[in-house]
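Q:
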Amino acid sequence: MTQLKLTGISKTFPGVRALDRVDLTILPGEIHALCGENGAGKSTLMNILVGNLQPDEGTIILNNAPVIFSKPQQAIEFRIAIVYQQLSLIDSLNVAENIFANQQPVNVWGLIGFNELYKKATSLLRQLDLDEINPRTLVSKLSPAQKQMVEIAKALSKKPSILILDEPTASLTEKETKTLFNILQNLKGQGTSIIYISHRLEEIFLLADRISILKDGKHQGTFLKQDITKDELIKRMVGREIKALKVEGHSRDEILLSVKNITGKRFHNVTFELRRGEILGLSGLVGAGRTEIARAVFGVDSIDSGEIILRGKTLKIKHSSDAISHGMAYVPEERKRLGLFSEMSIQDNIIAGKLSNAVSGRFYSSTKARTLAENSKTKLNIAAPGVHQRVVNLSGGNQQKVVLAKWLLTNPEVLIVDEPTHGIDVGAKFEIYEILNLLAEQGKGIIMISSDLPELLGICDRIVVIKMGEVKGELSRRDATEEKIMAMVSN
Amino acid sequence: MENVRSKVVLFCMAILLLGCELPSRNSSESVNQKSIKTKDLEIGDEEYVMVTTAVTMPMYMNRDQRAFKRWGEKMGVKISILGPADWDVPAQINVIEEVIGTRPTGLLINGTDPAIAQVINKAVAAGIPTVVYDSNIPNANHHAFLGTDWYEIGRMQGEEMVKLINGKGKIGYMGILGMSNMEAGFRGLLDVLNDYPEIEVVGKFDSKASVEQAARITSDLISAHPDIAGICGFDGPSGPGISLAVKEAGKAGKIKITTVDGEPEHLQLVVDGTIQLLAAQKRELFTWYGAQFLYDMVHRTNRLSQNDAKAGITSVPYHVNTGLLRITKENVNQFIE
Amino acid sequence: MFQKIVEERIYSLLVLLLFVCIVASLVFPATFPTFENFSQILLNLSIDTIVAVGMMLLLISGAFDLSVGSVVAFAGCLTAFLLQTFGLPLPVAIGVGLLGSLFIGLVNGYLIAYKDINPMIQTLAMMGIVRGLALMLSGSGVQNLPYWFNAIGQSKLLGIQMPIWYMLFTVLVFTVLLNKTVLFRQYYYIGGNEKAADLSGIRVKKMKMIGFIISATLAGVAGILLSSRLGAALPTMGRGLELRVITAVILGGASLSGGYGKIPGALLGALFMGIVANIMVIARVSGYWQEIILGVILITTLGIDKALQKKYTGSN
Chain A
51 MTQLKLTGIS KTFPGVRALD RVDLTILPGE IHALCGENGA GKSTLMNILV GNLQPDEGTI
111 ILNNAPVIFS KPQQAIEFRI AIVYQQLSLI DSLNVAENIF ANQQPVNVWG LIGFNELYKK
171 ATSLLRQLDL DEINPRTLVS KLSPAQKQMV EIAKALSKKP SILILDEPTA SLTEKETKTL
231 FNILQNLKGQ GTSIIYISHR LEEIFLLADR ISILKDGKHQ GTFLKQDITK DELIKRMVGR
291 EIKALKVEGH SRDEILLSVK NITGKRFHNV TFELRRGEIL GLSGLVGAGR TEIARAVFGV
351 DSIDSGEIIL RGKTLKIKHS SDAISHGMAY VPEERKRLGL FSEMSIQDNI IAGKLSNAVS
411 GRFYSSTKAR TLAENSKTKL NIAAPGVHQR VVNLSGGNQQ KVVLAKWLLT NPEVLIVDEP
471 THGIDVGAKF EIYEILNLLA EQGKGIIMIS SDLPELLGIC DRIVVIKMGE VKGELSRRDA
531 TEEKIMAMVS N
Chain B
747 MENVRSKVVL FCMAILLLGC ELPSRNSSES VNQKSIKTKD LEIGDEEYVM VTTAVTMPMY
807 MNRDQRAFKR WGEKMGVKIS ILGPADWDVP AQINVIEEVI GTRPTGLLIN GTDPAIAQVI
867 NKAVAAGIPT VVYDSNIPNA NHHAFLGTDW YEIGRMQGEE MVKLINGKGK IGYMGILGMS
927 NMEAGFRGLL DVLNDYPEIE VVGKFDSKAS VEQAARITSD LISAHPDIAG ICGFDGPSGP
987 GISLAVKEAG KAGKIKITTV DGEPEHLQLV VDGTIQLLAA QKRELFTWYG AQFLYDMVHR
1047 TNRLSQNDAK AGITSVPYHV NTGLLRITKE NVNQFIE
Chain C
8 MFQKIVEERI YSLLVLLLFV CIVASLVFPA TFPTFENFSQ ILLNLSIDTI VAVGMMLLLI
68 SGAFDLSVGS VVAFAGCLTA FLLQTFGLPL PVAIGVGLLG SLFIGLVNGY LIAYKDINPM
128 IQTLAMMGIV RGLALMLSGS GVQNLPYWFN AIGQSKLLGI QMPIWYMLFT VLVFTVLLNK
188 TVLFRQYYYI GGNEKAADLS GIRVKKMKMI GFIISATLAG VAGILLSSRL GAALPTMGRG
248 LELRVITAVI LGGASLSGGY GKIPGALLGA LFMGIVANIM VIARVSGYWQ EIILGVILIT
308 TLGIDKALQK KYTGSN
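What follows is the structure in structure tokens.
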């Protein structure tokens, strides 16, 4: 049983006061949700808790004794474990070696006891209801969701008394999320304290005992779950009320894009149509083939058969540049890995989709690029001091807006967005919905892939449900409900 | 508009052409050679600079550079040793060019490659007494040269090898391919061997100035030609390399080895009978007398005319062949320090 | 102002260069700050810089080429061989020499971009192959090259040796290309995030191949120029050049992981190394020490640079 108490924790980075005298108490055996927009200071606070960062002032009191974590190993000694949002697994090693990284069981000779290692890994995985994962499988072979579960197993292998989870369900399926929640409830029953960071308010209200809110590095209060409503929580997180998204459909009759019987590596015989002004949702479990379909339409992956018809013309797309010249755009999932040039400036990112936009006379003009970028910045409300700022320093929501801005400059007819609000705070989410809605109003066609069902139901005119690489069905805005979609994907 | 622009362009090009200066036609003929500074210098002001390449090579350090340093101490003048750490002729040329700008009293240059002719001429034209050692440089007008005839090194090895294997059998040889002195050595060797029809030359190999490479080549040679009679090496590291592989094959003394250089490790291999002949250079003499020549030119030790510079002559020997050291089991003990 | 100097390696290196030059001028007033010495320094680094421009381009795109040193030797030897053995006309021989280098770049680029072979392994293998070809072509080197061939590298224009002009021309052209053309700006994106670049419509594979072709061709230009300057083609030319050039380019602001760097940085990096080497010659620092000192300077410069950046920009 461990009680953790933080008092007056402050931390300043050059130019930013990331944490401002934060007090937080974690009781033994509670699930404590930590909410806040991106950039509110949650990650900084957690990094201080596990010894990655040292606070400028304030004390950490563990079981009534002040402690100083000057390096990550010390937090481990006090049995504080964290599951990072960004995965810390090593692809080239197998599951068991990852779970017991740096704490492999050794035999009398001081050599790694592999039998013991696999035995321990197997029992840990079983405990997590992950029988289907073989501890000898290489991590690179796992799906993102499985990787996330292995990450959790890795944290649990340290038998923590305080477990911190940072957005653990972002890449999990419904079923896995349920399993995870059961595990967390079990751990709680055994007296483990859990700090749970998430943007998904539904989950927080389902799981947490108490909820703490951070905004701009300041503690906004801690509440028992039953003492606060969702709206109130949002209000405290963003400091203003967000009006519920009300989208009227802009769908017109003209068919913009028609995908006919396309078959590729992980999808078969997929057919759907996209109308002008329509937002079409692609729903399905992670790994159902939605992203693969989007990539094939955009020309990144090849198709074995079938055709893609844009405005009545059959397209021959060999490379994304062909798709772009035909007026398509693709906002990929995994923003950091696939969407952004992190070390480059906002301006360079925004102009990347069509560098020739910045040509004046015969040459590329960075002045022109800056003007274009500044216009986009204003139009999409990207919060940054200037367009020369590197995007790595922006919050997730602003980064995503930069990616969107990049594609809007190519003036696409068809915009494919893949998990556009993944890991983005509530305020920015709504802004992105508004941008998509505005584009639809202008007559563009939008294909939206999302694992967030309420989001799809909220803004899509139609939802196509994909399962195991095939179209399972189609629901109009009127007919679509969470239950119907869940029924389609899980049968 | 267009017309004006093209006129401007033409005008600029004409200006540029006027500013163009071609190199002199005949490189070995220096146009306006400055006369050598021979005024009576204060002893302390004199500086003699040696520019070589691969300055860290043990043989260069133990023989050339040590003798040069000894000479500097004896004469009480300042000496400097410059050049790239690895074998890099263009870099050696760059260093010489930069040294010329600093006006040393005399330049002692390791004749690594014919390509350094130009920069030697530049030094001479700048009035710096310049002596080349080791390999002579054609088309260069340095004041003196001291060295060994590499062709002779090849011949000496060839003649000894013929004796050792009684004029018949298979022979392989190696050195650093692409170096002109080595190639001269190879020619000398082949000129001797070609007179013996019963000798079969099985190959020419690149030892890349590496003991490991020489050993690898040798062991491959032995497995390809188990009856190989002799191996000749033309670079320093090939001696120890060949010996290592021959010993490992258990054929020390059976496969005859002739090679170059008289470093301690080479000598030891002669003592234990693995190497039968070393054709070594008198490298100490290159730099000692080379430096002395420079000194004598500057100090006009031997005046051969009223004014040697005006007469267009130099007062030191033009070409010195220091000869070879023939090291075999009989005399090897004399070379061990 | 200060922040800008710290952030951009080009400016910080320029400040450092000025400082070094001032100190050297005070210590060696008679020999260092002279026109001859500086034109000598520039002449000596002109070959390296031409190769460094190509290397900078590659490093911006996140790749590097270890075979450039061998290509320098190959191009020089091939051209000299054609001139001497077949008596080909000068432009033809030079053309074939350049085409040969281009072909090596094409092979490197094709295998790396389209066949996913690791650039380090591919160019390391190519380094050996090409050096071998150079040896085969020239044996112990080709001397006595035709007068007009030598004139290419030994003439002067406005009192300054031609290789310096060629170097400045190359740097200028590629500076404009990388800053001002859409095609070449794509290299920054490829180096920044190859996958994102591909999804943004940049033909990453084609561009990568072109990068290797450019780098090898520039190495070919440098090789022909070097033989012309020496009046001879040596198979040992360009030994160790690849590492020297990579060092210069890193000093000039490139990063091994790609995305960073400006073409003038290649010149400044080479200039810095050239000036340091020159000072050591003037100061008569023996050859044993030169490499050690250069290594220490490299680590110190990059270390201070990193520390300053961390302190003043808060980024790492």
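Chains as they are written, first to last, in this note's numbering: chain A, 51 to 541; chain B, 747 to 1083; chain C, 8 to 323.
For each residue, glycine too, the CB sits at the ideal point set by N, CA and C.
1. Could you tell me the alpha carbon to alpha carbon distance between residue 303 (chain C) and residue 151 (chain A), rounded to whole angstroms?
2. Suppose the cutoff is 6 Å on Cβ atoms and the five residues either side in sequence are ignored; what does the same chain contact list for residue 126 (chain C) look like?
3. Leaving out five residues before and five after residue 998 (chain B) in sequence, what residues of the same chain have Cβ atoms less than 6 Å from its Cβ?
4. Leaving out five residues before and five after residue 308 (chain A) in sequence, what residues of the same chain have Cβ atoms less than 7 Å from its Cβ?
5. Once the 5 residues before and after residue 386 (chain A) are set aside, which same chain residues still bring their CB inside 7 Å of it?
6. For the structure I just gave you, are there three or more beta carbon pairs, one from the region 76 to 83 of chain C and one from the region 854 to 870 of chain B, closer than 8 Å?
7. Could you tell me whether the region 194 to 214 of chain C touches the region 232 to 251 of chain C, where touching means 3 or more Cβ pairs closer than 8 Å?
8. Whole angstroms are fine: how far does the CA of residue 339 (chain A) sit from the CA of residue 518 (chain A)?
9. Kindly indicate if chain A contains any beta-carbon less than 8 Å away from that of residue 182 (chain C).
10. Taking the straight line between their C-alpha atoms, what separation do you get for residue 37 (chain C) and residue 870 (chain B)?
11. What did DSSP end up calling residue 870 (chain B) once you bin it into helix, strand or coil?
12. Leaving aside the five residues before and after residue 311 (chain A) along the sequence, list all residues of the same chain whose C-beta is less than 6 Å from its C-beta, in chain order.
13. Looking at the structure shown, is residue 121 (chain A) part of a helix, part of a strand, or coil, going by DSSP?
14. Could you tell me whether any Cβ in chain F is nearer than 8 Å to the Cβ of residue 316 (chain A)?
15. Can you pull the chain B residues whose beta carbon is under 8 Å from the beta carbon of residue 315 (chain C), in chain order?
16. Between residue 206 (chain C) and chain A, is the shortest Cβ-Cβ distance under 8 Å, so that the two count as touching?
17. Along chain C, in chain order, which residues have C-beta atoms closer than 9 Å to that of residue 1062 (chain B)?
18. Mind listing the chain C neighbours of residue 829 (chain B)? Cutoff is C-beta to C-beta under 8 Å, in chain order.
19. Which bits of chain A does residue 125 (chain C) rub up against, with CB to CB less than 7 Å?
20. Short of 7 Å in beta carbon distance, which residues of its chain neighbour residue 348 (chain A), apart from the five on each side in sequence? Order them along the chain.
21. Counting pairs of Cβ atoms below 8 Å between the region 1017 to 1037 of chain B and the region 1067 to 1074 of chain B, do you hit three or more?
22. Between residue 978 (chain B) and chain C, is the shortest Cβ-Cβ distance under 8 Å, so that the two count as touching?
23. Out of A:306, A:203, A:258, A:250, which one is the CA nearest neighbour of residue 284 (chain A)?
24. What residues from chain C crowd round residue 402 (chain A), counting only those whose CB sits closer than 7 Å?
25. Indicate whether at least one CB of chain C lies closer than 8 Å to the CB of residue 536 (chain A).
26. For residue 390 (chain A) and chain C, any beta-carbon pair shorter than 8 Å?
27. Give the residues from the region 233 to 252 of chain C that approach chain B closer than 7 Å (Cβ to any Cβ), ordered along the chain.
28. Name the DSSP bridge partner or partners of residue 524 (chain A)?
29. Which of helix, strand or coil does DSSP assign to residue 427 (chain A)?
30. On a Cα-Cα basis, can you pick out the residue from B:946, B:1082, B:975 that is closest to residue 1013 (chain B)?
31. Mapping DSSP to helix, strand and coil, what is residue 765 (chain B)?
32. Quick one: Cα of residue 538 (chain A) to Cα of residue 174 (chain A), how far?
33. Is the Cβ of residue 398 (chain A) closer than 8 Å to any Cβ of chain C?
34. Taking its Cβ as the centre, do 16 or more other Cβ atoms sit within 10 Å of residue 775 (chain B), making it buried, or is it exposed?
35. Within 10 angstroms of the Cβ of residue 394 (chain A), are there 16 or more other Cβ atoms? Answer buried if so, exposed if not.
36. Pairs of beta-carbons, one from the region 215 to 225 of chain A and one from the region 129 to 144 of chain A, closer than 8 Å: are there three or more?
A: Answer, in terms of the structure:
1. 36 Å
2. 70, 119
3. 992, 1020
4. 323, 359
5. 392
6. no
7. no
8. 7 Å
9. no
10. 21 Å
11. helix
12. 319, 321, 356
13. coil
14. You won't find chain F in this structure, because its protein chains are A, B and C.
15. Within 8 Å Cβ-Cβ: nothing; residue 315 (chain C) doesn't reach chain B, min ~31 Å.
16. yes
17. Within chain C, no residue comes near residue 1062 (chain B); the closest Cβ sits about 25 Å away, beyond 9 Å.
18. 294
19. Under the 7 Å cutoff, chain A gives no residues; its nearest Cβ is about 15 Å from residue 125 (chain C).
20. 370, 373, 378, 380, 466
21. yes
22. no
23. A:250
24. 196, 207
25. no
26. yes
27. 233, 237, 238, 239, 241, 242, 243, 244, 246, 247
28. A:514
29. helix
30. B:1082
31. coil
32. 32 Å
33. yes
34. Bear in mind that the predicted position of residue 775 (chain B) carries a pLDDT of just 46, short of 50, making it unreliable; the figure below should be weighed with that in mind. Residue 775 (chain B) should be labelled exposed.
35. buried
36. yes
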